[in-house]
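First up is the structure itself, then whatever we jot down about it.
Numbering (UniProt numbering), first residue to last: 1 to 318.
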């Protein structure tokens, strides 16, 4: 797994750094997990929007033959001081199929877009990548934005679930600014408004939710991430999670962020995010580094602008 942290000066600079990391990082290349750039195009500025750069990559997966397709583009409106990086994904991409400067037209079965917040003042970023997925986190002032693009870890074998693609971010509204403090702004571990999408085995995209969900989305009330989403179905979960602290020796429990759904037959376990864990936030702050008993290292982040004990998660570094 490769990791990089640094400072970016804009959403365009962030995309440039992400592209260089995915395609050229020495650790990814050493393990044969570097990503391949399939498409790179800049659309000129319009009447209200600035010029937009779009890139599409193909990730090799763990075996080198999975062909995972992820796209990203900048979305900038200077009048509203909105500077974002948007992501999407699909089951196939062809640069020859792109029409009217819209990278989405080159995808087959593409997801809805999700948003990662950026700014035009220097801000921190973190990249975590393998051949299966990339996680990006930005820190603008005291706000932390997150995106997860690539495969999750399904509970069944690859023959039963060959393309478990997740496209998740901090928002779904491309015009939203990082300073927003509503449920339209959340994170990859507690999505609240169509900002977490999973490609099901039937090739249909489903939106997954945390503590709240979009009432207009069919079946959204039955799909959730643990542990935050479990609060909607099991009384006492919130009190239990809020009360959790570190054990003697300053060891923190790490809970896998699992994707589940409620069906007539019971709870359906779909899988878990790769390298992302919920942890209690008591005594923790964003950008903390922690270690597990088996020697793995993690970086801690918060759920957007939220800092309650239930709003922290950790991303594995090594």
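A virtual CB, placed ideally from N, CA and C, is assigned to each residue, including glycine.
Query                                                                                          : Result
For residue 143 and residue 305, believed in contact at Cβ under 8 Å, the rounded distance     : 5 Å
Reduced DSSP category for residue 221 - H, G, I as helix; E, B as strand; rest coil            : helix
Separation of residue 265 from residue 52, as counted between CA atoms                         : 46 Å
Member of 20, 254 and 259 whose CA lies at the smallest distance from the CA of residue 127    : 20
Beta-ladder partner(s) of residue 110, from DSSP                                               : Residue 110 pairs with nothing; no bridge assigned.
As assigned by DSSP and simplified to three states, the class of residue 84                    : strand
Where residue 25 falls, given that 16 or more other Cβ within 10 Å makes a residue buried      : buried
Limits of the unbroken alpha helix (DSSP H) element including residue 23                       : 11-24
Nearest candidate by alpha-carbon position, reference residue 100, set 89, 57, 41 and 81       : 41
Alpha-carbon to alpha-carbon, residue 180 and residue 186                                      : 10 Å
Same chain, Cβ closer than 7 Å to residue 260, neighbours up to 5 away in sequence not counted : 224, 226, 267, 268, 269 and 270
DSSP-derived helix/strand/coil call for residue 28                                             : helix
Cβ-based burial, residue 29 [other Cβ within 10 Å; buried from 16]                             : exposed
Whether residue 152 touches residue 273 by CB criterion (8 Å)                                  : yes
Whole beta strand (DSSP E) elements within the region 45-94, 3-residue minimum                 : 52-59, 68-77 and 82-90
Residue 121 in three-state terms, based on DSSP                                                : coil
Alpha carbon of residue 319 to alpha carbon of residue 136, nearest angstrom                   : Absent from the model: residue 319. The displayed extent of the chain is 1 to 318, so no value can be given.
Beta carbon of residue 15 nearer than 8 Å to that of residue 95                                : no
Minimum C-alpha distance to residue 66 - residue among 161, 83, 177 and 317                    : 161
Burial state of residue 208 (16 or more Cβ within 10 Å)                                        : buried
Beta bridge counterpart(s) of residue 4 as assigned by DSSP                                    : 127
CB contact flag (residue 93, residue 69, <8 Å)                                                 : yes
Beta-carbon separation (whole angstroms), residue 315 vs residue 257, contact threshold 8 Å    : Going by Cβ atoms, the distance from residue 315 to residue 257 rounds to 10 Å, so no, they are not a contact pair.
For residue 204, three-class secondary structure by DSSP                                       : coil
Buried/exposed call for residue 311, threshold 16 Cβ in 10 Å                                   : buried
Distance between residue 50 and residue 324 (C-alpha atoms, nearest Å)                         : With the chain covering 1 to 318 only, the question about residue 324 has no answer from this structure.
Closest by C-alpha distance to residue 76, when choosing among 175, 194 and 231                : 175
Identified DSSP bridge partners for residue 35                                                 : In the DSSP output, where bridge partners are listed per residue, residue 35 has none listed.
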